[in-house]
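Input: a single structure, listed below in structure tokens.
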Amino acid sequence: MPRDYKLNLDFIKSVNSYLFDQIRLADTKAAWTFSVIGVSTAALVSRISKLDLVDWMIKSKVILMIIAFGLIVFSVKNVVHVIYPRVREGSKLGLFYFKDITSQKKEEYAEKISNLSEQRILKDLSLQAHALSGIVDEKFKTLRIAIVSTIITLLWVVIVLFFI
1 MPRDYKLNLD
11 FIKSVNSYLF
21 DQIRLADTKA
31 AWTFSVIGVS
41 TAALVSRISK
51 LDLVDWMIKS
61 KVILMIIAFG
71 LIVFSVKNVV
81 HVIYPRVREG
91 SKLGLFYFKD
101 ITSQKKEEYA
111 EKISNLSEQR
121 ILKDLSLQAH
131 ALSGIVDEKF
141 KTLRIAIVST
151 IITLLWVVIV
161 LFFI
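All residue numbers for the sequence shown refer to the working numbering, where the first residue is 1 and numbers rise by one.
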């Protein structure tokens, strides 16, 4: 194996590994954010369940709670968007993406793998890294929104709990 190929292969493998780690990190942060939303929701529901009918007739309290639940829904939507898998249709040309692999017959895929050139391996790993970069970018953009909306939700729920 020529030295340049080995260096390139090691580099692109480390890029792919890093991107997979970033995807896991975003999913983990989203799971923790979801937990905070769950605690906020539980506290709000617990407080609401202790209200009597007279309290429910006070319009300002109802509006505060509706806003709180709206913020919770918005935060949950963003967290789910981070965690939800991004998949595309498979292509018979790819070698790494699971949908590409399953779109091919076993023998066809095995034949492609056995006839791979060094250039093709580097090219496909590079394409995979590019696709993963897009996924990481989308996850972290949405995660930022989810975290900010969760912090706002948490603060709002504390205000609601204080006033009702």
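We put the CB at the ideal spot given by N, CA and C, even for glycine. The structure presented is a predicted model; accordingly, all values stated were derived computationally and were not measured.
Where residue i sits in the DSSP three-state scheme
i	result
I147	helix
Y18	helix
N8	helix
D52	coil
K92	coil
Y97	coil
K112	helix
I58	coil
Q104	coil
S75	helix
R120	helix
R47	helix
R24	helix
I135	helix
I164	coil
Buried/exposed call for residue i, threshold 16 Cβ in 10 Å
i	result
A31	exposed
K123	exposed
D100	buried
I164	buried
K141	exposed
S49	exposed
S75	buried
Q119	exposed
S40	buried
A146	buried
K106	exposed
8 Å contact criterion, which residue i and residue j should meet: CB distance rounded
i	j	result
V136	Q22	5 Å
L125	I12	4 Å
L154	V36	6 Å
For the segment 107-114 against the segment 57-65, are there 3 or more C-beta pairs whose distance is under 8 Å?
-> The answer is no - the segment 57-65 does not touch the segment 107-114, with fewer than three Cβ pairs under 8 Å.
Would you call the segment 143-153 and the segment 72-85 touching, i.e. three or more CB-CB distances under 8 Å?
-> Yes, the segment 143-153 is in contact with the segment 72-85.
Report yes or no: do three or more beta-carbon pairs, one from the segment 91-107 and one from the segment 152-162, lie closer than 8 Å?
-> Taking 8 Å as the limit for Cβ pairs, the verdict is that the segment 152-162 does not touch the segment 91-107.
So, do the segment 62-74 and the segment 123-133 have three or more beta carbon pairs nearer to each other than 8 Å?
-> Cβ pair count under 8 Å is below three, so no.
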